[in-house]
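K.L.:
Would you mind keeping the following structure in view while I ask a few things?
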Amino acid sequence: MKKPRLRKKHLQPFFDLTDNPEVHHVPQGIAVDITPPPPQLSPFDRDVLQVCGNLGSRPAAEDFKALLKAYPEVLQRIQQAVDGEIFVGRNSETEFLEDLTEIWFKRDGFEHIFCGSIERGQLKGMHYVGRYLQLQEQGLAGRMPNNQHQEETLAGVVYTIGVVVKHGDKLLADRRNGYALVTDAAELLIAVTQAFKKKNRPRSTYTVAVVDVDSGHTYPAVFVKEDNAIVTFYPDVTPIEPLA
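Numbering-wise (the UniProt record's numbering), the sequence shown opens with residue 1 and increments by one.
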């Protein structure tokens, strides 16, 4: 695929307060606004971004542990959501946090999903809505222009868009990336950890249905695990992977 020519002026906002409907790939023939109002981030949402650090840096497993120790109510919600344990018989709070950290960091799933990574000069991952808002606020990322043929949305819920990021003196692009607007950091940790536990296989790819309790919306997301660890999890309006 031919790479798009990019300039700094191409950093169009992911979020705005203007209703600017356009026709995109999905839904076909219907004009929708693909730049919703910005989400309101909680203190935990912001602290997750602190663990991420700058785009391209590597989040530390020990910082992840410290974060969840500082928010025991979030750790408890995750543990309750997977019936108390990730691996059989390891259900103390200490064991659970160790296992949670292992599955999120062994294959860099936390970095890929929450933070985004730079690999061989390409943007990979970044499926947490808070990261999009943070990078927009910092002037470091924006929506790719003239990319409507790749864009998909479940209005108010899921947004699949092209992304442009500044990295050093370069602009990097991904024509298809995206996030779930309705899923905050704690909910994303829960949804992905639940997806990990759905199938007792060390390696698998499948689609799960994510239910957002607050909004009542349900959306499909694709989950990938390898080496019994989390690789990626991303919302997808038109998934082709089998439903778990």
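A virtual CB, placed ideally from N, CA and C, is assigned to each residue, including glycine.
All of these numbers come straight from a predicted model, not from anything done at the bench.
1) In chain order, what are the residue ranges of uninterrupted beta strand (DSSP E) at least 3 long that sit wholly in the UniProt domain "Bacterial EndoU nuclease" (107–236)?
2) Quick check: what's the CA-CA separation for VAL208 versus VAL224?
3) In the DSSP assignment, the alpha helix (DSSP H) including ARG46 goes from what residue to what residue?
4) Under 8 Å by Cβ, that's how I've got PRO27 and LEU181 pegged, so tell me the actual separation to the nearest angstrom.
5) Nearest-angstrom Cα distance between THR160 and ARG131?
6) Nearest to THR193 by alpha carbon, out of VAL74, ASP214, CYS115?
7) Is DSSP giving LEU17 helix, strand or coil here?
8) Starting from ASP99, trace the alpha helix (DSSP H) in both directions and tell me its first and last residue.
9) Our contact map puts TYR128 next to ALA195 with C-beta atoms below 8 Å; I'd like the distance itself, whole angstroms only.
10) Take LEU243 and list the residues in its own chain whose beta-carbon comes closer than 6 Å to its own, dropping the five residues that flank it on each side.
11) Check each candidate in ARG176, SER215, ARG201, ILE230 and name the one with the smallest Cα separation from THR238.
12) Determine the burial state of GLU119: buried for a count of at least 16 other Cβ atoms within 10 Å of its Cβ, exposed for fewer.
13) How close, in whole Å, do the beta carbons of GLN134 and PHE14 come, if the pair is a contact with beta carbons under 8 Å?
14) May I ask which residues mark the beginning and end of the alpha helix (DSSP H) holding LEU55?
15) Measuring CB to CB, does LEU68 end up less than 8 Å from LEU49?
16) Please determine, among ARG46, SER92, LYS170, ARG143, the residue with the shortest C-alpha to C-alpha distance to GLY162.
17) Going by Cα to Cα distance, which pick from ILE240, ALA155, TYR234 is closest to ALA191?
18) By Cβ distance, which residues of its chain are closer than 6 Å to LEU189, with the 5 residues on each side in sequence left out?
19) So the alpha helix (DSSP H) PRO72 belongs to, where does it begin and stop?
20) Within the same chain, show all residues whose beta-carbon is closer than 7 Å to that of VAL51, passing over the 5 residues directly before and after it, in chain order.
21) Can you grab the Cα-Cα spacing for the pair LEU123 / ASP16, in whole Å?
22) Spatial neighbours of ASN91 within its chain, please: C-beta separation below 6 Å, excluding the five flanking residues on both sides.
P.N.:
On the basis of the data shown:
1) 117–119, 122–124, 141–143, 152–154, 158–167, 170–180, 204–211, 218–226, 229–235
2) As a first step, residue 208 must be located in the sequence shown, where it is residue number 208. As a first step, residue 224 must be located in the sequence shown, where it is residue number 224. Each residue's Cα considered, the two are about 11 Å apart.
3) As a working note, residue 46 is residue 46 in the sequence shown. Element bounds for ARG46: 43–52.
4) Taking the sequence shown and counting its residues from 1, one reaches residue 27 at position 27. Taking the sequence shown and counting its residues from 1, one reaches residue 181 at position 181. Incorrect: roughly 16 Å between the Cβ atoms, too far for contact.
5) To locate residue 160, count along the sequence shown from 1; it is residue 160. To locate residue 131, count along the sequence shown from 1; it is residue 131. Cα to Cα, the separation comes out at about 15 Å.
6) Your numbering for residue 193 matches position 193 in the sequence shown. Closest option to THR193, Cα to Cα, is VAL74.
7) As a first step, residue 17 is located in the sequence shown; it is residue number 17 there, counting from the start. DSSP places LEU17 in coil when its eight states are reduced to three.
8) Mapped onto the sequence shown, residue 99 falls at position 99. From DSSP, the alpha helix (DSSP H) with ASP99 extends over 93–105.
9) As a first step, residue 128 is located in the sequence shown; it is residue number 128 there, counting from the start. As a first step, residue 195 is located in the sequence shown; it is residue number 195 there, counting from the start. With a Cβ gap of about 15 Å, TYR128 and ALA195 do not count as contacting.
10) As a working mapping, residue 243 is identified with position 243 in the sequence shown. Excluding sequence neighbours, LEU243 sits near THR207.
11) Here residue 238 refers to the residue found at position 238 when the sequence shown is read from its first residue. Minimum Cα distance to THR238 is reached at ARG176.
12) For the purposes of this step, residue 119 is taken as the residue at position 119 of the sequence shown. The residue in question, GLU119, is exposed, as its Cβ has fewer than 16 Cβ neighbours within 10 Å.
13) Within the sequence shown, residue 134 is the residue found at index 134, counting from 1. Within the sequence shown, residue 14 is the residue found at index 14, counting from 1. Their Cβ separation, rounded to whole angstroms, is 10 Å, which puts GLN134 and PHE14 out of contact at 8 Å.
14) Numbered from its first residue, the sequence shown carries residue 55 at position 55. Where LEU55 is concerned, there is no enclosing alpha helix (DSSP H), given that its DSSP letter is neither H nor E.
15) Locating residue 68 in the sequence shown gives position 68, where the first residue counts as 1. Locating residue 49 in the sequence shown gives position 49, where the first residue counts as 1. No, the Cβ-Cβ distance between LEU68 and LEU49 is not below 8 Å.
16) By 1-based counting over the sequence shown, the position of residue 162 is 162. When only C-alpha atoms are compared, the closest one is ARG143.
17) Locating residue 191 in the sequence shown gives position 191, where the first residue counts as 1. Closest option to ALA191, Cα to Cα, is TYR234.
18) For the purposes of this step, residue 189 is taken as residue 189 along the sequence shown, with counting starting at 1. Excluding residues within five positions, the ones whose Cβ falls inside 6 Å are ILE78.
19) Taking the first residue of the sequence shown as position 1, residue 72 is located at position 72. That run of the alpha helix (DSSP H) goes 72–81.
20) For this step, residue 51 is matched to residue 51 along the sequence shown. Same-chain partners within the cutoff: PRO59, ASP63, PHE64, LEU67.
21) Counting from one through the sequence shown, the residue named residue 123 turns up at place 123. Counting from one through the sequence shown, the residue named residue 16 turns up at place 16. Each residue's alpha carbon lies about 23 Å from the other.
22) Indexing the sequence shown from 1 puts residue 91 at position 91. Only GLY84, GLU85 meet the Cβ criterion.
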